[in-house]
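Enquirer: The structure that follows is given in the form of structure tokens.
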């Protein structure tokens, strides 16, 4: 791509990504945008401001002539966790900041947008080439927060007895059919970001691409459904210690888990809080909002296990090399805002890159020879590689263009507010020969 | 007063009280009105809705023909603590409720106002007479929340590094002069609400009027100033265990107290967060936002003590019987939004009914022969008579018409976010003869 | 008393008090003496050492020629709360100190005993007279800890599924009969320690003796029984919010209170953990180990109230002036180790100075003109006068000689591990004339 | 081995293992044996009883004719975490159980020993063969608790200001010299228990043996020393966020970490609490009692990383295949009770199986195709495979016979009370060819 084209492309991408955030926030009132319903959740207007701060801090501050921040205190308020950038406002207290309000954040966004466009326009080719990776990182960073913004407001609205909905409901159709199984021989495989298959961008945690030895394994062709989860519950799934990891069992008891996170029982009927309202649990839909502990307990109950992240990536790549796509993933552009029933079985892996982030049995750790980049940007991923588990795929709240086979999402094993689901795996028939 | 006049008067009062709440909330954005900065604080829009719920629950529900609530869930959301009225939303979670928003709460208020006016208009004299005490209670209840609304938003804004102000600053003038002392002989005195002196209304906790035996005592003629408090601090006040109650000393250490609640040190200068911005500590102003533990430690350091509530009331009544008022109290109608320097000494008690609520050494307990009324209204005061201390007077955020000599305010001894101050007392020369 | 007699008497008292502590600890193994079952509880061997530290610190250190402490670190380990004496070991961590062991503490006690006897022997009359009050305070201090030692080990043993008993059981007999009521006219009364009636010793918090105005009142002639408490429970006592103070109701819910502290239900029978084993609840015995919140809720349910401490003291004094005692109090010398059924009604106040400490409705606050003594000894009582409630009388674990009409015991209103009970009071027919 | 020999061998091993526990407990008083200093720590007498309960529950209960438990409640008290065996006493409350005392636990041990010997004697060959693996598991289980008993009492004694020592000090000598590095080519390697090299016994978590692909790597020839750790501290190691995992940095701040767990600074000298007393930090000794977070931060600071558990095992095996041992490991039989200075560098891996458990960068997860055994024994390891990190090697408190190359120890990354240390690793020059 020549540099004029690259500039045009960057500017176009910039406008698209930035506009999409505002489109997602548009149905939310100033009050909605202010609330932090628990420490893990951030207010909508904080997300809108923080992604803007990212561009201001990592692009404008170092490259804009005569830079002064839009507002001094914003650097303190909208830094998420970058120690190298200085002190920051305590995360659990984001919900006590009423000002800047939603409108003021809009003005901040507009100001940074103007300056970012001016900056990009003004750069010579060499500098643009040097800054392009950070600009690109800003896009993907904002996309991550687009997804979080939706997961977070879902939690905010879930606590409101008025049961407000974020968007209108769209019916889901399709019979998932029985769970099918696909076989993989394993062997010495390559894991990690592959530009040819995954697109040029990746986060640092998807690198370096490296070899791993995989024993033969099997993968379920679709996600576990609500009907299957109800069977687990009916069989005492939440009351049988032998199915659970010790930490998970402790949570079951200390937090009183007896169903997925957003399920509520009313007059003997299970309902589920969604972004499109509180709706009866649909047996055909994937189970959503379960922790890794629950996913693991379910797999134990079913006589199966969760996939490792390497198994998932390996299988997903094979699926992608097929000449015809098996399905169109249910990402945020479908505007369903929730996992959907899978299409009928077709001998292929279904629901791979949408619907629900899929828990794996892999701890979130650095790939061999991973070294975070120097400086504040190095804090992006590496420092979180402790006590978290990897999820793969994407979900109904993931912006299009933000899902790929090498993507490593991660949450603590007890997290339930992300839009997560369960795909089972199993050992294959034989260990592959070396 | 004949019933026509009473109706006119009630309607006028109703409109005044209700309008004053909205006037206090007017400078606050929807975002400001949504935040709960700690469990003790309630969002502005919650206050506005809760006082409305009070009229809807205790007046309309039982007296309006064909009553249906404005919105079913509001009964759940805006009940503060009335167990008899049913379940209620958890207090520390009031800040996660984004809807109804500030505007919706305005509609709720308008609807209840219309219905309340219709109800009052439609009542026959007998019924009006029977309901008038509850309507009157609604006024005083709303006034309490007007004061709380201001104390609460003060805390919300205090946590914002942008240091927003609620209102413009008005300079305070006046040299407080040295602390003077007034002598009281004591003896067998009458304590409790006295309609002739206090006006017809009182809360139930100001009753019954009863006798108490008071030893001779002395009262300081004004509140302790910031200058005096700085001397206490300079003398190690916050570091000397021997000055403190054990519970207070534990707080000093566990919460790191080293100055009044809203004081901040910047470059060796003390500043104070107020509703009119963050301002240098003015040595002539009363010290504000100290807990009862701090007030008690200060008194010990000064070789004095806090007054009992009976001493305070007895002295305040004597002051009130003087033919000319010693001063105009600094209540909310002065729009200073903060304690002011007292006028010069004049041999009288100064700053009695405004500026700061004054801590006493009295636990908040029922007066002899107190019995709370039956039903939900009985929960208004009685059930809080445990582990709290009485404050007397009023403060710069108290609405006019809401201060009287018999008024018993109360907070836990460690509370610092209310607008509190310190008046010293001392033992008199002799115990009075019987 | 001449000084030789005083010396003899002091030495005799010293030996008695010190020996009684060891007698109480004798049935307890080294392991029993080590455990701290919750922060409020201290290990037996800590009690034994701390009362010894008191004599070492407040008598030997200042008066023994060439004083050196028995063991330097003991000053740190066995200081309870005297800030003026220096730093001290954190209270909730007393149970992690295995050494000095029970035997080593015995050696510490023996050493201090020898030195204390030598010191007393060696003093001239004037010095002995000057030190006698502190020595006497040491006796009463040790007696307080004798009672605490028993309450604390009761809690320790209660958590052990082996249900060990501290002592053999002695059956209680006697029909309490219906609750009778005694009338008191009130008026201007004297409250506080009265050497003629109470004996020469008092703690500082019983002083100064002062006047109070009491409205007419009535007192129940005995404590509330288990049978009566069961009726309260059967009538939903622990489930009806309207009976409770707000703080109490919060405890009912957060701690799941549904019966007195040591009651356990097994196969539909209520049992009670006591120092003589786990025994079926005896309907005739006083209810024990209820908090002030529970006592207050019971009184509300019964249409009565708790007495004030002044009412209790006034009534108890009148009872004591009767020529014949109405009963012998059930203190620790009876070796019942538990409250007993009261004798039959006899128109007098029963169970006054034994069985159970009796909750009052009075907050623990200084008497008018109370000033704690200077120095470390001044920390004995005054600094705890916050957020606690007064109890009067004594209990089955109180050493003889340690109960008197002016005695002010105090605990937080939610405390349940002390041996507490309930005596009801009520308003009298008329307010007395002045 | 014929069955007579096997029986003789089992009986001999039984006596040895059981006697060793009592030998370790012998220097501890009844009081020492009672204390639980934090939830992770168990009292000595609990360890002694729990390992006995293991034999009673898993051997006697199912195989002894006419079995009755020694004491019913012991099954409740001394079950550690086996859900399948029934309810159990809450772990953090083990320290409130004074009875059974240390002596009673000795009687329990004696009784079970007699019955276990009788049982083993009485079994026919077939049954003995079937039970031998569980008996063997009991030995290794008891050995684990021997190590824990020492780590736990070390913590108990550390909180005592008297600074008691568990044993006499033995001086350590030897100059560790500069850190040397050994190169490993990696490739497709076998990981997991190998009976030929490791002995016949393993825990289930060391299985199944399986293939892994290892890139080339390097390992330090010795543990990090106190001198090196002091350099890290002097360079701001505990104050530089960029060196730390986010969870680790949170701990540094919330718990105030500024040096290894048992270090204390007195008059500008660092001391270290050990089982042989509080001693000046010896620069030549390995740093002990650091968390995995600290180990990771140190490695980052040093420009290195921690080894994976596969790297560690692979390198350790190669070391073991050398014809002459490089060193004798410092396990519990040396009675040093602490890590020792390593011998001089010799081009080999030093300090491999003793001194300190070595943190790896590997999360504790199941090996491929791992399935826990059915029943209660299946709870031994599998259910803890969440949020913990693997340690390899052994330490100065590990009983001889309890260290092997395949052994997987595990603790949460923030644990500091185990006897842990740090061995560095690094990437090798080239990735090996497939």
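Residue numbers (my numbering), protein chains in the order written: chain A, 115 to 548; chain B, 115 to 548; chain C, 115 to 548; chain D, 115 to 548. From the three backbone atoms N, C-alpha and C, an ideal C-beta is built for every residue, glycine too. Nothing here was measured: the structure is a model prediction, and the numbers come from that model.
Under 8 Å between C-beta atoms, does residue 499(D) make it to chain A?
Expert: Reading the fourth chain from its first residue, position 385 is the one you call residue 499(D). Closer than 8 Å to some Cβ of chain A, the Cβ of residue 499(D) qualifies, so yes.
Enquirer: May I have the straight-line CA-CA distance separating residue 389(D) from residue 467(D), to the nearest angstrom?
Expert: Walking along the fourth chain from the start, residue 389(D) turns up at place 275. Walking along the fourth chain from the start, residue 467(D) turns up at place 353. Going from the Cα of residue 389(D) to the Cα of residue 467(D) covers about 20 Å.
Enquirer: Figure out for me which residue from 230(A), 156(A), 402(A) and 146(A) has the closest Cα to the Cα of residue 280(A).
Expert: For the purposes of this step, residue 280(A) is identified with residue 166 of the first chain, where counting begins at 1. When only C-alpha atoms are compared, the closest one is 146(A).
Enquirer: List in chain order: all unbroken alpha helix (DSSP H) runs of 4+ residues lying wholly within the region 423–472 of chain C.
Expert: 423–434
Enquirer: Quick one: list the residues of chain A neighbouring residue 278(B), beta-carbon separation under 7 Å, in chain order.
Expert: By one-based count along the second chain, residue 278(B) stands at place 164. Correct list: 213.
Enquirer: Just the Cα atoms here: how many angstroms apart are residue 529(D) and residue 501(D)?
Expert: Position 415 of the fourth chain, counted from the start, is the residue given in the question as residue 529(D). Position 387 of the fourth chain, counted from the start, is the residue given in the question as residue 501(D). Going by the C-alpha atoms only, they are around 12 Å apart.
Enquirer: Using only CA atoms, which one of 213(A), 214(A) and 209(A) lies nearest to residue 212(B)?
Expert: For the purposes of this step, residue 212(B) is taken as the residue at position 98 of the second chain. When each option's Cα is compared against that of residue 212(B), the closest is 209(A).
Enquirer: Locate the alpha helix (DSSP H) running through residue 210(A), then write down its first and last residues.
Expert: Taking the first chain and counting its residues from 1, the one referred to as residue 210(A) is at position 96. Where residue 210(A) is concerned, there is no enclosing alpha helix (DSSP H), because DSSP gives it neither an H nor an E.
Enquirer: Does any residue of chain C bring its CB to less than 8 Å from the CB of residue 148(D)?
Expert: Sequence index remark: in the fourth chain, residue 148(D) carries index 34 (1-based). Yes, residue 148(D) counts as interfacial toward chain C.
Enquirer: How do the region 415–422 of chain A and the region 118–135 of chain B stand: do at least 3 beta-carbon pairs fall below 8 Å, yes or no?
Expert: Verdict: no, contact absent.
Enquirer: Do you know whose CA, among 192(C), 168(C) and 487(C), lies nearest residue 321(C)'s CA?
Expert: Residue mapping note: residue 321(C) aligns to position 207 of the third chain, counting from 1. When each option's Cα is compared against that of residue 321(C), the closest is 487(C).
Enquirer: Run the CB neighbour count on residue 306(C), radius 10 Å, all protein chains shown included, and call it buried at 16 or more, exposed below.
Expert: As a position in the third chain, residue 306(C) is number 192, starting the count at 1. By the neighbour-count rule (16 or more Cβ atoms within 10 Å), residue 306(C) is buried.
Enquirer: Closer than 8 Å, CB to CB, is residue 151(A) near chain B or not?
Expert: On the first chain, position 37 is the one that residue 151(A) refers to. Contact with chain B is found for residue 151(A), since one of that chain's Cβ atoms lies less than 8 Å from the residue's Cβ.
Enquirer: Any beta-carbon of chain D closer than 8 Å to the one on residue 140(C)?
Expert: Against the third chain, residue 140(C) aligns to sequence position 26. No, its Cβ sits nowhere closer than 8 Å to a Cβ of chain D.
Enquirer: Given a limit of 8 Å on CB to CB distance, which residues of the region 198–226 of chain D reach chain C?
Expert: 203, 207, 209, 210, 211, 212, 213, 214, 215 and 216
Enquirer: I want to see whether chain A comes within less than 8 Å of residue 548(D), judged by CB atoms only; does it?
Expert: Counted from its first residue, the fourth chain places residue 548(D) at position 434. At residue 548(D) the pLDDT is 49, less than 50, meaning the model places this residue with poor confidence and gives no usable figure here.
Enquirer: How many angstroms separate the CA atom of residue 303(A) from the CA atom of residue 312(A)?
Expert: The residue labelled residue 303(A) in the question sits at position 189 within the first chain. The residue labelled residue 312(A) in the question sits at position 198 within the first chain. Cα to Cα, residue 303(A) sits roughly 16 Å from residue 312(A).
Enquirer: Would you say the beta carbon of residue 197(A) is closer than 7 Å to some non-hydrogen atom of the ligand MG?
Expert: Absence of the ligand MG is noted for the structure shown, with no ligands found whatsoever.
Enquirer: Is residue 552(C) close to chain B, meaning its C-beta is less than 8 Å from at least one C-beta of that chain?
Expert: Because chain C is modelled from 115 through 548, residue 552(C) falls outside the range shown and cannot be assessed.
Enquirer: Using CA coordinates, which residue listed in 522(C), 508(C) and 499(C) is at the minimum distance from residue 363(B)?
Expert: Start at 1 with the first residue of the second chain, and residue 363(B) comes out as number 249. Relative to the Cα of residue 363(B), the nearest Cα in the group 522(C), 508(C) and 499(C) belongs to 499(C).
Enquirer: Excluding sequence positions up to five away, which residues of its chain have a Cβ less than 6 Å from the Cβ of residue 319(C)?
Expert: One-based indexing of the third chain puts residue 319(C) at position 205. By the criterion of a C-beta distance shorter than 6 Å, residue 319(C) is surrounded in its chain by 495 and 522, once the five residues flanking it on both sides are discounted.
Enquirer: Quick check: what's the CA-CA separation for residue 353(A) versus residue 201(D)?
Expert: For the purposes of this step, residue 353(A) is taken as the residue at position 239 of the first chain. For the purposes of this step, residue 201(D) is taken as the residue at position 87 of the fourth chain. Residue 353(A) and residue 201(D): Cα-Cα distance of roughly 14 Å.
Enquirer: Does DSSP put residue 303(D) in a helix, a strand or coil?
Expert: One-based indexing of the fourth chain puts residue 303(D) at position 189. Looking at residue 303(D) - three-state DSSP - the assignment turns out to be strand.
Enquirer: Considering Cα atoms alone, identify which of 341(D), 379(D), 309(D) and 282(D) is closest to residue 391(D).
Expert: What you label residue 391(D) is simply residue 277 of the fourth chain in a count that begins at 1. Comparing Cα-Cα distances from residue 391(D) to each of 341(D), 379(D), 309(D) and 282(D), the minimum goes to 282(D).
Enquirer: Please confirm if the region 369–380 of chain A is in contact with the region 403–410 of chain A, defined as three or more CB-CB distances below 8 Å between the two stretches.
Expert: Look at the beta carbons and you see the region 369–380 of chain A touching the region 403–410 of chain A: at least three pairs across the two are nearer than 8 Å.
Enquirer: Could you compute how far the alpha carbon of residue 456(A) sits from the alpha carbon of residue 342(A)?
Expert: Counted from its first residue, the first chain places residue 456(A) at position 342. Counted from its first residue, the first chain places residue 342(A) at position 228. Their Cα atoms are separated by approximately 14 Å.
Enquirer: How far does the alpha helix (DSSP H) with residue 240(D) in it extend, from its first residue to its last?
Expert: Your numbering for residue 240(D) matches position 126 in the fourth chain. Here the alpha helix (DSSP H) through residue 240(D) covers 239–272.
Enquirer: For the beta strand (DSSP E) containing residue 325(B), list its first residue and its last residue.
Expert: Locating residue 325(B) in the second chain gives position 211, counting from the first residue. Here the beta strand (DSSP E) through residue 325(B) covers 324–328.
Enquirer: List, in chain order, every chain C residue whose beta-carbon is nearer than 8 Å to that of residue 187(D).
Expert: Taking the fourth chain and counting its residues from 1, one reaches residue 187(D) at position 73. Per Cβ cutoff of 8 Å: 275 and 276.
Enquirer: Could you pull the start and end residues of the beta strand (DSSP E) that residue 391(B) belongs to?
Expert: Against the second chain, residue 391(B) aligns to sequence position 277. Counted as a single uninterrupted DSSP element, the beta strand (DSSP E) harbouring residue 391(B) occupies residues 391–394.
Enquirer: Counting pairs of Cβ atoms below 8 Å between the region 169–183 of chain B and the region 248–268 of chain A, do you hit three or more?
Expert: no
Enquirer: Would the region 156–165 of chain B count as touching the region 156–165 of chain A if we require 3 or more Cβ pairs under 8 Å?
Expert: no
Enquirer: Please state the DSSP three-state secondary structure of residue 548(D).
Expert: The sequence position of residue 548(D) within the fourth chain is 434, counting from 1. With a pLDDT of only 49 at residue 548(D), under 50, the local geometry of the prediction cannot be trusted, and the value read off the model is given with reservation. In this structure, residue 548(D) counts as coil in the three-state DSSP scheme.
Enquirer: If you count every other CB in all the chains shown that lies within 10 Å of the CB of residue 186(B), and 16 or more means buried, which is it?
Expert: Mapped onto the second chain, residue 186(B) falls at position 72. Result: exposed.
Enquirer: Any C-beta of chain B sitting closer than 8 Å to the C-beta of residue 136(A)?
Expert: Start at 1 with the first residue of the first chain, and residue 136(A) comes out as number 22. Judged by the 8 Å Cβ criterion, residue 136(A) is not in contact with chain B.
Enquirer: Nearest chain A C-beta to residue 143(B) closer than 8 Å, yes or no?
Expert: Locating residue 143(B) in the second chain gives position 29, where the first residue counts as 1. Yes, contact with chain A.
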